[in-house]
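Participant: The listed protein sequences correspond, in order, to chains A, B, C and D. Quick note, our numbering runs 13 ahead of the 1-based positions in the first sequence. Quick note, our numbering runs 13 ahead of the 1-based positions in the second sequence. Quick note, our numbering runs 82 ahead of the 1-based positions in the third sequence. Quick note, our numbering runs 82 ahead of the 1-based positions in the fourth sequence. Can you keep this structure in mind? I'll have questions shortly.
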Amino acid sequence: MIDLTVELPGLKLKNPIMPASGCFSFGQEYNQFYSLNKLGAIMIKAATQEPRLGNPTPRVAETHAGMLNAIGLQNPGVTTIIEEQLPFLQSFDLPIIANIAGSSIEEYVYVAKTLSDSAAVAALELNISCPNVKEGGVQFGTDPHIAAEVTRRVKEVSKVPVYVKLSPNVTDIVEIALAVEAAGADGLSMINTLTGMKIDLDTRKPLLANQVGGLSGPAIKPIAIRMIYQVYQAVKIPIIGMGGIVTATDVIEYLLAGASAVAIGTANFQNPLVCSDIIDQLPSCLTEYGFTSIKDVIGGGHDDN
Amino acid sequence: MIDLTVELPGLKLKNPIMPASGCFSFGQEYNQFYSLNKLGAIMIKAATQEPRLGNPTPRVAETHAGMLNAIGLQNPGVTTIIEEQLPFLQSFDLPIIANIAGSSIEEYVYVAKTLSDSAAVAALELNISCPNVKEGGVQFGTDPHIAAEVTRRVKEVSKVPVYVKLSPNVTDIVEIALAVEAAGADGLSMINTLTGMKIDLDTRKPLLANQVGGLSGPAIKPIAIRMIYQVYQAVKIPIIGMGGIVTATDVIEYLLAGASAVAIGTANFQNPLVCSDIIDQLPSCLTEYGFTSIKDVIGGGHDDN
Amino acid sequence: MNQIDASVCHLENIAHATFKLVVKVDHEYLSFIRPGQFVHIQIGQGYEHMLRRPISIADFDLETGQLTVIFKVIGEGTRKLSELTEGSVINLLLPLGQGYPIQQLSLKKALLIGGGIGVPPLYLLAKQLVDRGVSVTTVIGFQTKDDVFYHEEFSQLGKCYVTTNDGSYQHKGFVTDIINLEQLTADYYFSCGPTAMLKAVQSTMVNCPGYLSLEERMGCGIGACYACVISNAEQTAYKKICQDGPVFAASEVSL
Amino acid sequence: MNQIDASVCHLENIAHATFKLVVKVDHEYLSFIRPGQFVHIQIGQGYEHMLRRPISIADFDLETGQLTVIFKVIGEGTRKLSELTEGSVINLLLPLGQGYPIQQLSLKKALLIGGGIGVPPLYLLAKQLVDRGVSVTTVIGFQTKDDVFYHEEFSQLGKCYVTTNDGSYQHKGFVTDIINLEQLTADYYFSCGPTAMLKAVQSTMVNCPGYLSLEERMGCGIGACYACVISNAEQTAYKKICQDGPVFAASEVSL
Ligand SMILES: Cc1cc2nc3c(=O)[nH]c(=O)nc-3n(C[C@H](O)[C@H](O)[C@H](O)COP(=O)(O)OP(=O)(O)OC[C@H]3O[C@@H](n4cnc5c(N)ncnc54)[C@H](O)[C@@H]3O)c2cc1C
Ligand SMILES: Cc1cc2nc3c(=O)[nH]c(=O)nc-3n(C[C@H](O)[C@H](O)[C@H](O)COP(=O)(O)OP(=O)(O)OC[C@H]3O[C@@H](n4cnc5c(N)ncnc54)[C@H](O)[C@@H]3O)c2cc1C
Ligand SMILES: Cc1cc2nc3c(=O)[nH]c(=O)nc-3n(C[C@H](O)[C@H](O)[C@H](O)COP(=O)(O)O)c2cc1C
Ligand SMILES: Cc1cc2nc3c(=O)[nH]c(=O)nc-3n(C[C@H](O)[C@H](O)[C@H](O)COP(=O)(O)O)c2cc1C
Ligand code: FES
Ligand code: FES
Chain A
14 MIDLTVELPG LKLKNPIMPA SGCFSFGQEY NQFYSLNKLG AIMIKAATQE PRLGNPTPRV
74 AETHAGMLNA IGLQNPGVTT IIEEQLPFLQ SFDLPIIANI AGSSIEEYVY VAKTLSDSAA
134 VAALELNISC PNVKEGGVQF GTDPHIAAEV TRRVKEVSKV PVYVKLSPNV TDIVEIALAV
194 EAAGADGLSM INTLTGMKID LDTRKPLLAN QVGGLSGPAI KPIAIRMIYQ VYQAVKIPII
254 GMGGIVTATD VIEYLLAGAS AVAIGTANFQ NPLVCSDIID QLPSCLTEYG FTSIKDVIGG
314 GHDDN
Chain B
14 MIDLTVELPG LKLKNPIMPA SGCFSFGQEY NQFYSLNKLG AIMIKAATQE PRLGNPTPRV
74 AETHAGMLNA IGLQNPGVTT IIEEQLPFLQ SFDLPIIANI AGSSIEEYVY VAKTLSDSAA
134 VAALELNISC PNVKEGGVQF GTDPHIAAEV TRRVKEVSKV PVYVKLSPNV TDIVEIALAV
194 EAAGADGLSM INTLTGMKID LDTRKPLLAN QVGGLSGPAI KPIAIRMIYQ VYQAVKIPII
254 GMGGIVTATD VIEYLLAGAS AVAIGTANFQ NPLVCSDIID QLPSCLTEYG FTSIKDVIGG
314 GHDDN
Chain C
83 MNQIDASVCH LENIAHATFK LVVKVDHEYL SFIRPGQFVH IQIGQGYEHM LRRPISIADF
143 DLETGQLTVI FKVIGEGTRK LSELTEGSVI NLLLPLGQGY PIQQLSLKKA LLIGGGIGVP
203 PLYLLAKQLV DRGVSVTTVI GFQTKDDVFY HEEFSQLGKC YVTTNDGSYQ HKGFVTDIIN
263 LEQLTADYYF SCGPTAMLKA VQSTMVNCPG YLSLEERMGC GIGACYACVI SNAEQTAYKK
323 ICQDGPVFAA SEVSL
Chain D
83 MNQIDASVCH LENIAHATFK LVVKVDHEYL SFIRPGQFVH IQIGQGYEHM LRRPISIADF
143 DLETGQLTVI FKVIGEGTRK LSELTEGSVI NLLLPLGQGY PIQQLSLKKA LLIGGGIGVP
203 PLYLLAKQLV DRGVSVTTVI GFQTKDDVFY HEEFSQLGKC YVTTNDGSYQ HKGFVTDIIN
263 LEQLTADYYF SCGPTAMLKA VQSTMVNCPG YLSLEERMGC GIGACYACVI SNAEQTAYKK
323 ICQDGPVFAA SEVSL
């Protein structure tokens, strides 16, 4: 039996499989399908300083081999999350990775500090794909300087390792990755969704109330694999990979590209047992492709490996 | 019967449907399936100054609802194209849009001048997604200044309208669109492919010999629609839209987003008759959704329309 | 909440673009179903359709293990469902959502008001109400004659009025027109249909307590993705239609 | 060159993960087929598989309108083909590529050399050569016993040697081992199989004129996308395998 454990900053994972932020809420619902104890970790829904109601509906649309979402950071605020959601999750043997969001650096810092001080979470995932209100809506994640600045400030207050979640909507993902690494990021999480749109032929207008939404699912996998492959060659910190993973072979492809662990988002909607199924299938799938340990696989797609 | 004609700079189109560059060679092969006279126009394969052999194989890979290609600009060089390929196409009632590529501004200018002087083509499509050798491989299409510069220089020598084909691999597509519009582009063509990668689990290495390739097909449609929607609101020049079109409803979605005509690439491989089928179905499809003319549809997805 | 495979027993075109689909499932999954709940159906086998389709449970039979849904073909997913063949297998999440809380209500007289594809869940509701000795009156509305279905089935359970927008079948007009015309009253009303209809019902029936079943585009279907929210009456918080609904007390939601 | 729908008559598992698929097509499409040509098969109905799969034509029968291909399940597309049911319809482009130019050759003695999934096109070739009075010797190689197919069929057309890498069926070794051992000669040889095998064949048979059938990942399958190129012997130009090939004179290509 292949050892599936992976160790990353702040995270001792039973296996490299975790649900992606925003697709798994705080775990309660999927725990009806299988025990959360099975998971390598959980990435919980984005937290902001104050409660947010998010965007009007429709918030999701299907696309070929993918979907668009514009949930809009709906969440009850960091304090309520800590008080009402985390105690349930803490009853499991499960590292919690808290996804944090904000509209200003101050908000990121506040949320990061509050979560890290709560001692309930093993790591933070810094979602820098949010629009920066102060800078006129440009995303934190698309400018290397702002990305580095928010990383640095969050690192200053966080007692737990910080994974920065990169936006793929950029000309040069390596530049951003290097900037946040230099700013102290302990790891990277990539990729977030690509900005897309669908137009409803009946109403003749964008289908999502928010007009644009984030594209996820198998459609984006080749883009994620390319970005992880490129970033892996440039940085030294580990990468948690995501984007369109549905099967154990997808997981192996991500690990070969350079991810040390993976997260699964959209596929949970098609198959609520997908994380559990992949965890079951991964050992035999690794064996089938001739691997004897997870460590062999990570980065194995690169020439010097 | 709905009038399908569309007029664009240099192009009187019988209908808004044309095959996309690189997916249709110089038309001979698909002419075995239906007469090229049926098409609104044809976008021919990229031409460079000298013949190019392109990349080693494998050059294509399938992805979910899409494909990756790394053909690498294989072509017999602009002079041979004019001498050996265009005479065949000129025998049809069919505007020819010549896709031009290069590794330096001088090469673009040479190819543009040669094609425009040949009087065989109705318009040029400037493929600025090629790596700029002089600038260390950065793409012409990802830097607004270089994109504008190559547009300006090509416009200086071209007697026919110039459509600039935008790369989607950028943080801000609107910025690039505005830069090439200001530099004199007569129209835009968007989008080119997104850079992606697939790893072969058997060899454990990138499947394409070139490692990365361009992602096309239905998977990328939401990204293309979003970019066209955003660019349409910013520029005054017309847009030829492309990316994942397979059906007549896809065409309407593109027109609503702001395209004045569309090109079809990958779908030709699944169905060699796809352009012909769409041209047949478009009138009844327009009627079904309550449109009485193509002009009603173009940009109809925007609030002020 | 379960994820199960179900095999297709029967598929029938019962009205314009409207299909009745009967599938066989293990009876253990049926015993907990309450009217108003829905199934979340996977479309196809591959990854072209990453989202399931929510469809109300129209009927089930504990003895035969048959579960019935009725759907209208409006897009790619429902079209694929309409092309299923007998014996083929579809994957369902079930039962999802909160149904009509009829166990908690003391009622003698119920008014069921449905429009279009909002009609199906009312059939299971009507059956269960009649089983409990409740007198059931149904008003169902459709666009036109060709869209009408289940008139006969509802008539067997009580008085049933049918309206069509163009008057091509029974009464011309909207469901609310009949309610006003016939001065229909009840201890509780139960309604499901397009939002415009629900709004009209909500204001027509303002003096009667009632329940509305809502629709929204869904992701997970189980409360994990926040796709399917609706504001509370005070616009201060959202509820999730898939988990807290799709049935809500009419006083609880602002449409 | 045509795009046609064909209905599945017969699907049979003839060796380990290897299937024989017989489809019915209008006979007008069969009359122009030459051995070595291939069909380009659409996978599924939706848009999950944008690329077709090239598969060699293994046989056809003008009278029954039946066309046979033999394929090995190696990925998603061939797996879906292996799950087709009788009567279902698949879409084909055919006939594609240049076949073995047997009309232009004057030959009495032919040596056919195939490996694995390169064996199928040689069957149609063998039949047509035998019809023309050519004496045919076949050498076909497989990994192991379970992979072997069509030994019997080839034996009916002439002498047939089978090699397996592990010796579990007939001769142990590679096809070239048998050629050397038995000192097989011919006026022309015709070979199809993995590149490593073709290379070995090319050098073993260096004194005999011959034809090789090549494989490459394809896009369009008809010469329009430049996916499937191979360099000429001088490395100065490319040929398209789908259009100029898949069959090339052994002297024409450098592997
Ligand atoms: C709780 C609930 C119960 C329902 N019960 C029924 C029923 O009993 N019978 C019936 O015919 N229909 C019912 N619907 C509506 C049904 O879900 C949609 O008609 C169906 O999802 C359309 O799918 P499609 O693939 O054909 O359309 P497409 O437009 O191709 O679907 C694309 C996406 O949009 C979503 N979508 C499109 N229209 C709707 C809609 N009206 N509501 C929710 N999602 C939508 C789809 O689920 C899918 O994710 C119900 C909806 C909900 C929320
Ligand atoms: C001219 C020609 C004739 C062929 N004849 C036969 C035959 O008679 N019997 C047979 O079993 N196989 C044949 N092959 C190989 C066959 O095309 C591949 O095995 C098949 O495409 C694999 O598809 P898949 O979806 O199962 O694999 P996947 O790996 O899932 O396919 C993904 C993509 O890669 C391509 N691909 C993968 N492997 C190959 C390959 N070896 N050659 C070409 N494309 C590949 C597929 O076409 C598809 O586009 C032939 C190939 C060519 C080029
Ligand atoms: C409905 C939905 C909600 C999401 N919410 C968040 C979020 O709150 N924070 C975040 O960082 N990413 C969020 N994401 C992005 C996912 O975590 C993930 O990065 C992306 O969807 C790619 O993975 P996938 O293709 O497996 O879904 C969300 C994605 C979806 C589909
Ligand atoms: C095989 C292949 C070759 C291509 N070659 C070119 C090219 O030479 N020049 C160019 O501008 N775009 C080229 N493209 C991009 C297409 O023209 C088009 O922009 C892109 O594929 C998106 O459209 P689609 O999804 O309909 O294929 C190529 C695409 C493919 C798939
Ligand atoms: S559909 Fe996901 S929360 Fe309702
Ligand atoms: S597959 Fe397109 S040229 Fe050969």
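Even glycine gets a Cβ: it sits at the ideal position worked out from N, Cα and C.
Report yes or no: is there a C-beta of chain C within less than 8 Å of the C-beta of glycine 128 of chain D?
Facilitator: Position 46 of the fourth sequence, counting from 1, holds the residue named residue 128 of chain D. Closer than 8 Å: yes.
Participant: Comparing C-alpha positions only, which one of D:Val230, D:Asn95, D:Cys91 and D:Asp87 sits nearest to tyrosine 111 of chain D?
Facilitator: Numbered from its first residue, the fourth sequence carries residue 111 of chain D at position 29. Nearest of D:Val230, D:Asn95, D:Cys91 and D:Asp87 to tyrosine 111 of chain D, Cα basis: D:Asp87.
Participant: What's the gap between the Cα of threonine 279 of chain B and the Cα of threonine 206 of chain B?
Facilitator: On the second sequence, position 266 is the one that residue 279 of chain B refers to. On the second sequence, position 193 is the one that residue 206 of chain B refers to. Going from the Cα of threonine 279 of chain B to the Cα of threonine 206 of chain B covers about 11 Å.
Participant: Going along the chain, which residues put their C-beta within less than 7 Å of some heavy atom in ligand 6?
Facilitator: Result (chain order): D:Met300, D:Gly301, D:Cys302, D:Gly303, D:Ile304, D:Gly305, D:Ala306, D:Cys307, D:Tyr308, D:Ala309, D:Cys310, D:Lys322, D:Ile323, D:Cys324 and D:Gln325.
Participant: Within the present structure, is the beta-carbon of isoleucine 189 of chain B separated from the nearest heavy atom of ligand 3 by less than 7 Å?
Facilitator: Here the question's residue 189 of chain B lines up with position 176 in the second sequence. No, the Cβ of isoleucine 189 of chain B stays beyond 7 Å of every heavy atom of ligand 3.
Participant: Please report how far the alpha carbon of glycine 23 of chain B lies from the alpha carbon of valine 173 of chain B, in whole angstroms.
Facilitator: As a working mapping, residue 23 of chain B is identified with position 10 in the second sequence. As a working mapping, residue 173 of chain B is identified with position 160 in the second sequence. Taking the straight line from one Cα to the other gives about 7 Å.
Participant: Give me the Cβ distance between tyrosine 271 of chain D and isoleucine 184 of chain D, rounded to the nearest whole Å; I'm assuming they're in contact under 8 Å.
Facilitator: By one-based count along the fourth sequence, residue 271 of chain D stands at place 189. By one-based count along the fourth sequence, residue 184 of chain D stands at place 102. Contact flag wrong, Cβ pair sits at about 12 Å.
Participant: Whose CA, out of D:Gly305, D:Leu93, D:Thr277 and D:Ala306, lies closest to the CA of alanine 332 of chain D?
Facilitator: Locating residue 332 of chain D in the fourth sequence gives position 250, where the first residue counts as 1. Cα-wise, what sits closest to alanine 332 of chain D is D:Thr277.
Participant: Once DSSP output is grouped into helix, strand and coil, what is the label at lysine 234 of chain B?
Facilitator: As a position in the second sequence, residue 234 of chain B is number 221, starting the count at 1. Three-state DSSP puts lysine 234 of chain B in a helix.
Participant: How do the stretch 225 to 233 of chain C and the stretch 94 to 107 of chain C stand: do at least 3 beta-carbon pairs fall below 8 Å, yes or no?
Facilitator: Output reads yes: the stretch 94 to 107 of chain C touches the stretch 225 to 233 of chain C.
Participant: Heavy atom of ligand 4 less than 7 Å from the Cβ of cysteine 36 of chain B, yes or no?
Facilitator: Stepping through the second sequence from its first residue, residue 36 of chain B is reached at position 23. Result yes, Cβ under 7 Å from ligand 4.
Participant: Anything in chain D within Cβ reach of leucine 66 of chain B, meaning under 7 Å, just list it in chain order.
Facilitator: Counting from 1 along the second sequence, the entry for residue 66 of chain B is found at position 53. Those are Tyr320, listed as they occur along chain D.
Participant: What does the alpha-carbon distance come out to for the pair threonine 3 of chain B and proline 144 of chain B?
Facilitator: Within the shown structure, residues of chain B are numbered from 14 to 318, placing residue 3 of chain B beyond reach of any answer.
Participant: Tell me whether proline 231 of chain A is buried or exposed, calling it buried when 16 or more other Cβ atoms sit within 10 Å of its Cβ.
Facilitator: Counted from its first residue, the first sequence places residue 231 of chain A at position 218. Buried, by the Cβ-count rule.
Participant: Quick check on the DSSP output: what are the complete beta strand (DSSP E) runs of length 3 or more inside the stretch 187 to 213 of chain A, in order along the chain?
Facilitator: Runs found: 200 to 203 and 207 to 210.
Participant: If the cut-off is 9 Å on Cβ atoms, which residues from the stretch 290 to 307 of chain D count as contacting chain B, listed in chain order?
Facilitator: The stretch 290 to 307 of chain D vs chain B, Cβ under 9 Å: Glu298, Arg299, Met300, Gly301, Cys302, Gly303, Ile304, Gly305, Ala306 and Cys307.
Participant: For chain C, check one thing: does any of its Cβ atoms lie closer than 8 Å to the Cβ of glycine 90 of chain A?
Facilitator: The sequence position of residue 90 of chain A within the first sequence is 77, counting from 1. By this cut-off, glycine 90 of chain A is not an interface position.
Participant: Does the distance from the CB of glutamine 252 of chain D to the CB of valine 244 of chain D come in under 8 Å?
Facilitator: Walking along the fourth sequence from the start, residue 252 of chain D turns up at place 170. Walking along the fourth sequence from the start, residue 244 of chain D turns up at place 162. In this structure, valine 244 of chain D lies closer than 8 Å to glutamine 252 of chain D by Cβ.
Participant: Straight-line CA distance for glycine 249 of chain C to glutamine 265 of chain C?
Facilitator: Translated into the one-based positions of the third sequence, residue 249 of chain C becomes position 167. Translated into the one-based positions of the third sequence, residue 265 of chain C becomes position 183. Rounded to whole angstroms, glycine 249 of chain C to glutamine 265 of chain C spans 20 Å at the Cα level.
Participant: Tell me whether cysteine 290 of chain C sits in a helix, a strand or coil according to DSSP, three-state version.
Facilitator: As a first step, residue 290 of chain C is located in the third sequence; it is residue number 208 there, counting from the start. In this structure, cysteine 290 of chain C counts as coil in the three-state DSSP scheme.
Participant: Using a Cβ-Cβ cutoff of 9 Å, what residues of the stretch 248 to 259 of chain A are near chain C? List them in chain order.
Facilitator: Hits within the stretch, in order: Gly257 and Val259.
Participant: Could you check whether the stretch 215 to 229 of chain B touches the stretch 77 to 92 of chain B, counting it as contact only if at least three pairs of C-beta atoms, one from each stretch, sit closer than 8 Å?
Facilitator: Output reads yes: the stretch 77 to 92 of chain B touches the stretch 215 to 229 of chain B.
Participant: Would the stretch 109 to 126 of chain D count as touching the stretch 149 to 165 of chain D if we require 3 or more Cβ pairs under 8 Å?
Facilitator: With the cut-off at 8 Å, the stretch 109 to 126 of chain D and the stretch 149 to 165 of chain D touch.
Participant: Could you round the C-beta distance between leucine 174 of chain D and glycine 303 of chain D to whole angstroms and report it? I think they count as a contact, below 8 Å.
Facilitator: As a first step, residue 174 of chain D must be located in the fourth sequence, where it is residue number 92. As a first step, residue 303 of chain D must be located in the fourth sequence, where it is residue number 221. That pair is no contact at about 10 Å.
Participant: Just grab the DSSP bridge partners of serine 89 of chain D for me.
Facilitator: Here the question's residue 89 of chain D lines up with position 7 in the fourth sequence. Looking at the DSSP assignment, serine 89 of chain D forms a beta bridge with D:Lys106 and D:Val171.
Participant: Excluding sequence positions up to five away, which residues of its chain have a Cβ less than 7 Å from the Cβ of glutamine 210 of chain C?
Facilitator: Along the third sequence, read from residue 1 onward, the residue named residue 210 of chain C stands at position 128. The answer, listed in chain order, is Pro117 and Ile184.
Participant: How would you write the range of the beta strand (DSSP E) that phenylalanine 330 of chain D sits in, first residue to last?
Facilitator: As a first step, residue 330 of chain D must be located in the fourth sequence, where it is residue number 248. Looking at the DSSP string, the run of the beta strand (DSSP E) that includes phenylalanine 330 of chain D is 329 to 331.
Participant: Using the three-state DSSP reduction, which class does phenylalanine 236 of chain D fall into: helix, strand or coil?
Facilitator: Against the fourth sequence, residue 236 of chain D aligns to sequence position 154. Looking at phenylalanine 236 of chain D - three-state DSSP - the assignment turns out to be helix.
Participant: Check distances from the C-beta atoms of the stretch 261 to 289 of chain B to those of chain A and list, in chain order, the residues that come in under 7 Å.
Facilitator: The residues in question are Thr262, Ile265, Glu266, Leu269 and Ala270.
Participant: Quick check on DSSP: helix, strand or coil for threonine 220 of chain C?
Facilitator: As a position in the third sequence, residue 220 of chain C is number 138, starting the count at 1. Reduced to three states, the DSSP call for threonine 220 of chain C is strand.
Participant: Cysteine 91 of chain C and lysine 106 of chain C - do their beta-carbons sit closer together than 8 Å?
Facilitator: Counting from one through the third sequence, the residue named residue 106 of chain C turns up at place 24. Counting from one through the third sequence, the residue named residue 91 of chain C turns up at place 9. Result yes, Cβ atoms of lysine 106 of chain C and cysteine 91 of chain C sit closer than 8 Å.
Participant: Which class does glutamate 120 of chain B belong to by DSSP, given the choice of helix, strand or coil?
Facilitator: Counted from its first residue, the second sequence places residue 120 of chain B at position 107. It is helical.
Participant: Taking any Cβ of chain D, which residues in the stretch 71 to 88 of chain B have a Cβ under 8 Å from it, in chain order?
Facilitator: So the list reads Pro71, Arg72, Val73, Ala74, Glu75, His77, Ala78, Gly79, Met80, Asn82, Ile84 and Gln87, given in the order they occur along the chain.
Participant: I want to see whether chain A comes within less than 8 Å of asparagine 223 of chain B, judged by CB atoms only; does it?
Facilitator: The residue given as residue 223 of chain B occupies position 210 in the second sequence. Not closer than 8 Å to any Cβ of chain A, the Cβ of asparagine 223 of chain B fails to qualify, so no.
Participant: Counting only C-beta atoms, is phenylalanine 46 of chain A closer than 8 Å to chain G at any point?
Facilitator: Protein chains A, B, C and D are contained in the structure displayed, whereas chain G is not.
Participant: Grab me the residues of leucine 99 of chain B's own chain with a C-beta within less than 6 Å of its C-beta, minus the 5 sequence neighbours each way, in chain order.
Facilitator: Position 86 of the second sequence holds residue 99 of chain B. Here the set comprises Ala133.
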